[in-house]
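With our numbering applied, the sequence shown covers 40 to 236. C-beta: ideal position from N, C-alpha, C; glycine also. Since the structure is predicted, the reported quantities are computational estimates derived from the model, not experimental observations. The structure appears right after this line, and notes come after that.
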Amino acid sequence: MSVSLWVALALGLLVFFWAVGAYNRLVRLKNAIANAFGQIDVQLKRRYDLIPNLVEVARRYLAHEAQTLEAVIAARNQARTAEQTAAGSPLNAGALGALAGAEQMLGGALGKLFAVVEDYPDLKADQNMRELSEELTSTENRVGFARQAYNDHVLEFNDAAAQFPTLIIARLFGFQPLTMLASTTTEAERETLRIQM
């Protein structure tokens, strides 16, 4: 065998092993994204489990605010459905968009509930209401941290898939850029949660 054939063979093997490594890195990054979404999912479920308890405590004081309470429960149910869909396909931009929209509606409904609660000192002073509000605020913070971790993984994947020469492998195997999760809680809603405390 000639030297040029050995060099060509060595280069071919080098390219092959690089391609396998690049592909495996992209797969590993996608798996990390799915795992990070799992952390968001755990916190969202925790949040959804707190909301009915919060509404029941509020119902004792806000019987005439049934519309506000029902809006919170309806938004929670819609968000839970969207969360279940997104959990089934955590890399699907449509499912994540639907989840973000449902979460925004839930945040708005909770913001209205807490605005109403502000007008009722007895409800604000209720021990169960305070504890549930604190738990909800804590859970919101955990969702925020989990969302940031998810977005960090998405950014790492998108950067890896967009850089040459890994871009060639990404396109060859159909790796598409992924969408980050935007914060669904507005500053006004965060302030309402802080005031509730």
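Pro160 sits in a helix when the DSSP states are folded into three classes.
Assigned with DSSP and collapsed to three states, Gln143 falls in helix. A direct Cα-to-Cα measurement between Leu108 and Arg98 gives close to 7 Å.
Taking each of Leu145, Asn197, Leu50 in turn and checking the Cα distance to Gly213, the smallest one comes out for Asn197. For Arg181 and Gly140, the gap between their C-alpha atoms comes out near 19 Å.
DSSP places His192 inside the alpha helix (DSSP H), whose first and last residues are 166-201. The closest CA to that of Glu170, considering only Arg115, Val94, Asn116, Ala132, is found on Val94. No Cβ-Cβ contact shorter than 8 Å links Val66 with Ile90.
If you look at Phe214, you'll find it isn't in any alpha helix (DSSP H); DSSP assigns it neither H nor E. For Leu101, there is no enclosing alpha helix (DSSP H), since its DSSP letter is neither H nor E. Apart from the 5 residues on each side of it in sequence, Thr218 sits with its Cβ closer than 8 Å to the Cβ of Ala132, Leu135, Gly136, Val193 in its chain, given in chain order. Within 10 angstroms of the beta-carbon of Pro160 lie fewer than 16 other beta-carbons, which makes it exposed.
Our two residues, Ala199 and Asn190, have alpha carbons roughly 14 Å apart in a direct line.
In this structure, the beta-carbon distance from Leu162 to Lys69 does not fall below 8 Å.
Between the alpha carbons of Leu145 and Phe56 lies a gap of roughly 48 Å. Sequence-distant Cβ neighbours of Ala75 in its own chain, meaning closer than 6 Å and more than five residues away, are Ala188, Tyr189, His192.
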